[in-house]
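Engineer: Pasting a structure below so you can have a look.
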Amino acid sequence: MKARSLTFYIEPDHLEEVVRVLDEQIVPEYRELPNFVGLVVLQADHVRREVVCLSIWDRDMEASEEAIARFRKRITSVSGASAAMETFDVLRLVSSQRS
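Each residue of the sequence shown is one higher than the one before, starting from 11 at the first, in the working numbering.
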């Protein structure tokens with residue numbers, strides 16, 4: 011399993027637009043990609059808000075390369091900030107859901 015983080019800073023008045031873009035454009039596109047497991051969006055409450063989007067992928071993320079490039083462009087156009095990207099191996103993913 012793999013994970014990719016996008017981290018960027020935005021002014022508080024841009025947060026609503028960023029969330030709208032995530033909900034209306036990014037999430038539907040990601041759901042169509044192979045190996046997509048989920049997306050977590052985190053916010054640190056500072057004067058300039060740090061936002062971290064963590065996507066989880068089962069196996070490889072190759073099919074998501076074009077989508078992530080579009081995502082980064084959309085974030086930049088909405089927030090005026092560029093997003094730093096990192097890729098991780100997921101060692102554990104724990105869920106509270108029980109069968």
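Yeah, the Cβ is synthetic: ideal placement off N, Cα and C, and Gly gets one too.
Source: prediction; values computed, not measured.
Measure the C-alpha to C-alpha separation of Val100 and Ala93 and round it to an integer number of angstroms.
Structural biologist: 21 Å
Engineer: Using alpha carbons as the reference points, say which of Ser87, Thr97, His56, Glu26 lies closest to Leu64.
Structural biologist: Thr97
Engineer: Apply the 10 Å Cβ neighbour rule to Val50 and answer buried if 16 or more other Cβ atoms are within range, or exposed otherwise.
Structural biologist: exposed
Engineer: So the alpha helix (DSSP H) Ala79 belongs to, where does it begin and stop?
Structural biologist: Membership of Ala79 in the alpha helix (DSSP H) is indicated by the continuous run 75-89.
Engineer: By the 10 Å Cβ neighbour count, where 16 or more other Cβ atoms means buried, how is Val104 classified, buried or exposed?
Structural biologist: exposed
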